[in-house]
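Novice: Before we start, here is the structure in question, set down as structure tokens.
In the working numbering, the protein residues as written are 32 to 152.
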């Protein structure tokens, strides 16, 4: 059901841009769809990234991935002073905290819901 529902939203988003004569990068659409599917199946909550909600979290995940890739490719970033002097370390830390805070919020909401439904002891 999650895949079908998110797939329909994905198609609606693509149809909205398909009528134009411009070239469109599909990757952002795919990325938001995948985030919606993962978040709903793994965490049991709707992220609604495809409809423009939780943009900050989506951007954080994308930037964390990009910085992680740079970190792996550039061994000089492995040195903490360079990592932080480049600004990447501070940005990475801030975005990881944002991501963790979002995840903890989801966990707290799910726990509260499960307690209300009597699923937790």
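Ideal Cβ placement from N, Cα and C applies to all residues, glycine included. Here the structure is a predicted model, which is why all the values come from computation and not from measurement.
1) Straight-line CA distance for residue 50 to residue 35?
2) Assuming residue 108 and residue 102 form a contact by the criterion Cβ under 8 angstroms, report the distance between their Cβ atoms to the nearest whole angstrom.
3) For residue 71, name the three-state secondary structure that DSSP assigns.
4) Report the CB separation of residue 67 from residue 79 in whole angstroms; it is logged as a contact under 8 angstroms.
5) For residue 126, does the count of other Cβ atoms within 10 angstroms reach 16, so buried, or fall short, so exposed?
6) My assumption, with CB atoms under 8 angstroms, is that residue 48 sits in contact with residue 55. Please give the rounded CB distance.
7) Give the secondary structure of residue 90 by DSSP, where H, G and I count as helix, E and B as strand, and everything else as coil.
8) Which term fits residue 92, buried or exposed, when burial requires 16 or more other beta carbons within 10 angstroms of its beta carbon?
Specialist: Based on what the coordinates show:
1) Reading the chain shown from its first residue, position 19 is the one you call residue 50. Reading the chain shown from its first residue, position 4 is the one you call residue 35. Going by the C-alpha atoms only, they are around 23 angstroms apart.
2) As a first step, residue 108 is located in the chain shown; it is residue number 77 there, counting from the start. As a first step, residue 102 is located in the chain shown; it is residue number 71 there, counting from the start. Contact flag correct, Cβ pair sits at about 5 angstroms.
3) Position 40 of the chain shown holds residue 71. The answer is helix: DSSP assigns residue 71 an H, G or I state.
4) On the chain shown, position 36 is the one that residue 67 refers to. On the chain shown, position 48 is the one that residue 79 refers to. Here residue 67 really is in contact with residue 79; their C-beta atoms are around 7 angstroms apart, less than 8 angstroms.
5) Here residue 126 corresponds to residue number 95 of the chain shown, with the count starting at 1. Residue 126 is buried by the Cβ-count criterion.
6) Sequence index remark: in the chain shown, residue 48 carries index 17 (1-based). Sequence index remark: in the chain shown, residue 55 carries index 24 (1-based). Sure, about 5 angstroms apart at Cβ, within 8 angstroms.
7) On the chain shown, position 59 is the one that residue 90 refers to. Annotated three-state conformation of residue 90 is helix, per DSSP.
8) Translated into positions along the chain shown, residue 92 becomes position 61. That one is buried.
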